[in-house]
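**Q** Before anything else, here's the structure in question.
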Amino acid sequence: DLARPERLFQLTVEGLPADFPPLKTLEAAPNNLPTQLTSFIGRDDQVREATQLLARSRLLTLTGPGGTGKTRLSLEIAAEVLDQFADGVYFVPLSAVHDPELVASAIAQALAISTTGSRRPIDALLEHLREKHILLVLDNFEQVIKAAPIATQLLGGSAGLRVLVSSRTALRVSGEQEFPVPPLALPDLKALPSLAALSQFEAVRLFIERAVAVKPDFQATNENAPAIAGICERVDGLPLAIELAAARIKLFSPPALLGRLEKSLNALGGGTRDAPARQQTLRGAILWSYDMLDDGSRRLLARFSVFARGGSLAQADPVCGPPGDVGGDSVDRLDQLADQSLLRRLPDFDEPRFLMLQTIRDFAIERLEESGESHTIRDRHVEAFIALAQAAQPHLFGPQRREWLDRLEIDHDNVRAALDWSLESSNARQALRLAGVFWRFWQMRGHIHEGRARLARVLAMPDSQDFPQERLAALEAAGGLAYWQADMQTAQVFYDECLELTRRVGDKRAIANAIYNDAFPMIISRTSYPRAEQLLQEALALFRELADESGVARTLWGLGNVAYFQHDYAAARPRLEEAQASSRRSDDRFTLAWSTHTLGLVAINSEDVAAAGKYFLAALQLFIEAQDVSGITLQLDNLSVAARKQGDPVRATRLAAA
């Protein structure tokens, strides 16, 4: 492994071979394998054996207790076989997914598969994978073990698919090959080899490398070698426990560290008495590291455990702070916890971001529950992500749409955790606020099935009727997601209730928006064009009175749809062109994209295929800028139709299959 990127040059000599296979790099094939900040130590035999098993078995499960290095081993195996999978290798983290129903959505998200419309995520996956040669790496599957049949269902639908799973327990499904992950190789304390030979044992190599990372002048010597070997043996060769111990080398020499570790593990290494021995050892190592923290750092670690799949420094402050509670500035404190291997720094982000490994997170959550402040901290966590979604909302229709959607994507697991807590704690107002403001992300990034299921649970909360303003937003969200899934009957029910409630509340802008929404299912389902026209004209007058240019643009687009669906293309075109102009004035990229799309439909139905293609391409570019999977999918279909009408069946087929 290279510790950092290197530029390589090839020296060619006349008369010698000059053509060689491509270098084995992560760029050699499509993949989303996460960047690793530390090197991979040892396990050559396990990598070799597992890759051989993966070649023979289509479902390989790496099993073992927390802290054995299953995730890191699975990533190394995936990198090793990368060039064997022409269509890519994809890592699917499941540590923050607790609902088995969301596993298919998580896999689809990793593969960037659109799950818009009425298709179930599993059906979209089966269709996408059917002819593909892909490796899926499903991490932390024990969280969702009831979803194990999904693996066999996907394998049954794609002959070229392989699945590599890491889990504390086997999936127990047909075709599974289990591979227990052993601890790192240890020396025999009764017959220690020379220092050079000792340093080749995997556990010792890991300790030394991680110790040097925190104390650059650290060296293994003949004097401290027995203690280093003793530390590795005392924690049973578990990689996570070794890293926790090595992180303390700045404070203690190896003999002193071994003495403290022996005392702590003997006294505290229990956990539950019936837990497996290695699990007890790891728990003891985590507890030992925890006990060496000051009160502020302990409190920060426990509070940070509410973050699912990590959090940024900016998010940690309002959730874990104030500084007086955690013994100082949270930036410095989080850095210290990372130095002690209790947190992991995440690369590839614009702002510092930290992740807590699931094994440590389980421990930290227990400490949070014991502290008596779990309810308060979880409420802060919910409020932090309501604030993030609210900050994103005004940007989801403008030029920064993709940037904000990407930010929400990073924290989707945190939003899931926040919604789960709001439901669990029966806090209807929080749940309504978060679901109501987050729905556009679900729609634009193709999480419609999940969004509808979550909104149904939120709107069914007994106290949700007590918060009319918040319920309005959730009703609009539920109607919107039903609309985007072409369930117009359900959308109409939600929009009708939303309009009725909005008129009672009396907010003119909200009334205009609710009227606009209420008209659309009538248009698409073709139930009442006159009523839809009447509603949209009412909304248009209100938006103009409010000088709301974006609202005007959306309503003109709606009126263009009324004319289009009645095949009155002459009336539709000027309305849609006016919608384009209005959306440009308000920098509303969302409405600009959709009005351009509808102009393409008008053109193609008017037999102006060349113009239609230009409109569809322009709309596609706008949707790609935002990574709006709903719009991208639709434009590819539109372009396929245009290509077929232009007599290009090959291009039409490629676009339809894209």
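In terms of the numbering used here, the sequence shown is residues 3 to 660. Using N, Cα and C, we set each Cβ at its ideal position, and we do this for glycine too.
(1) So that I know if they touch, is there some Cβ in chain D lying closer than 8 Å to that of D350?
(2) Please report the Cβ distance between D85 and A31, rounded to the nearest whole angstrom; I am assuming they are in contact, meaning their Cβ atoms lie under 8 Å.
(3) How is D141 classed by DSSP in three states: helix, strand or coil?
(4) Please report the residue range of the beta strand (DSSP E) in which E178 lies.
(5) Would V652 be called buried (16 or more neighbouring beta carbons within 10 Å of its own) or exposed?
(6) For T65, which residues does DSSP report across the bridge?
(7) My output table needs one value for R347: the three-state DSSP class, helix, strand or coil.
(8) Thinking C-alpha only, which one of I136, L240, F181 and V417 is nearest L163?
(9) What would DSSP say about S116, mapped onto helix, strand or coil?
(10) Would you identify the three-state DSSP class for G273, choosing helix, strand or coil?
(11) For the candidate residues V554, F567 and T361, whose alpha-carbon lies nearest to that of A534?
(12) Taking the alpha-carbon positions, what's the G273 to Q623 distance?
(13) Write down every uninterrupted run of the alpha helix (DSSP H) in the region 489 to 524 whose length is 4 residues or greater and which is fully enclosed by it, in chain order.
(14) Starting from L357, trace the beta strand (DSSP E) both ways and give me its first and last residue.
(15) By Cβ distance, which residues of its chain are closer than 8 Å to R132, with the 5 residues on each side in sequence left out?
(16) Would you mind sorting L641 into buried or exposed? The rule is 16 or more other CB atoms within 10 Å of its CB.
(17) Report the three-state DSSP secondary structure of I136 (helix, strand or coil).
(18) On the criterion of 16 or more Cβ atoms from any shown chain inside 10 Å, does K72 qualify as buried, or is it exposed?
(19) Quick check on V91: does DSSP put it in helix, strand or coil?
(20) For V507, is the classification buried or exposed, using 16 other Cβ atoms within 10 angstroms of its Cβ as the cut-off for buried?
(21) Once you ignore the five residues that flank Q155 on each side, which residues in its own chain have a CB closer than 8 Å to its CB?
(22) Return helix, strand or coil for S201, following the three-state DSSP convention.
(23) Assuming contact is defined by CB atoms lying nearer than 8 Å, are P417 and A475 in contact in what I supplied?
(24) Counting pairs of Cβ atoms below 8 Å between the region 447 to 454 and the region 348 to 367, do you hit three or more?
(25) Are the Cβ atoms of L357 and L339 separated by less than 8 Å?
(26) Do you know offhand how far L106's Cα is from D190's?
(27) So, for D331: in the same chain, excluding its five sequence neighbours on each side, which residues have a beta-carbon less than 6 Å away from its beta-carbon?
(28) Using 8 Å as the cut-off, can you tell me whether the region 572 to 587 makes contact with the region 547 to 559, which would need three or more C-beta pairs spanning the two stretches below that distance?
(29) Can you name the residues that DSSP bridges to G162?
(30) Give the C-beta separation of L503 and L477 to the nearest angstrom, bearing in mind that I take them to be a contact with Cβ-Cβ under 8 Å.
(31) Only counting the same chain, and skipping five residues up and downstream in sequence, which positions put a Cβ closer than 6 Å to that of A430?
(32) DSSP has N33 in a bridge; who is on the other side?
(33) By how many angstroms is the C-alpha of S168 removed from the C-alpha of L188?
(34) For E78, which option in Q111, S120, L104 and L35 has the closest C-alpha, if you only look at C-alpha atoms?
(35) Could you tell me the alpha carbon to alpha carbon distance between T171 and A574, rounded to whole angstroms?
(36) Expressed to the nearest angstrom, what Euclidean distance is found between the alpha-carbon atoms of A660 and R577?
**A** Taking the geometry as given:
(1) Structure shown: chain D not included; a single protein chain is present.
(2) 6 Å
(3) strand
(4) E178 to P182
(5) exposed
(6) S169 and P182
(7) strand
(8) I136
(9) Under the three-state reduction of DSSP, S116 is assigned to coil, being neither helix nor strand.
(10) Confidence is the limiting factor: at G273 the pLDDT is only 39, short of 50, which leaves the residue's position unreliable, though a coordinate-based value still follows. In this structure, G273 counts as coil in the three-state DSSP scheme.
(11) F567
(12) Because the pLDDT of G273 is 39, which lies under 50, any placement of that residue in the model is unreliable, and the number read from its coordinates should be weighed accordingly. Between the alpha carbons of G273 and Q623 lies a distance of about 56 Å.
(13) 490 to 507
(14) Start and end: R355 to L357.
(15) G159 and S160
(16) With 16 or more other Cβ atoms inside 10 Å of its own Cβ, L641 counts as buried.
(17) Correct three-state label for I136: strand.
(18) K72 sits buried, since 16 or more C-beta atoms from the chains shown fall within 10 Å of its C-beta.
(19) strand
(20) Around the Cβ of V507, a 10 Å sphere holds fewer than 16 other Cβ atoms; the residue is exposed.
(21) Counting only residues of its own chain and dropping the five nearest sequence neighbours on each side, Q155 has a CB closer than 8 Å to the CB of I124 and L128.
(22) coil
(23) The identity of residue 417 in the sequence shown is Val, whereas the question assumes Pro. Contact flag unset, no.
(24) no
(25) no
(26) At residue 106 the sequence reads Ala, which differs from the Leu that was named. Roughly 46 Å between the two C-alpha positions.
(27) P325
(28) yes
(29) None; G162 has no bridge partner.
(30) 7 Å
(31) M463, D465 and S466
(32) V91
(33) If you draw a straight line from the Cα of L188 to the Cα of S168, it comes to about 23 Å.
(34) L35
(35) 59 Å
(36) 32 Å
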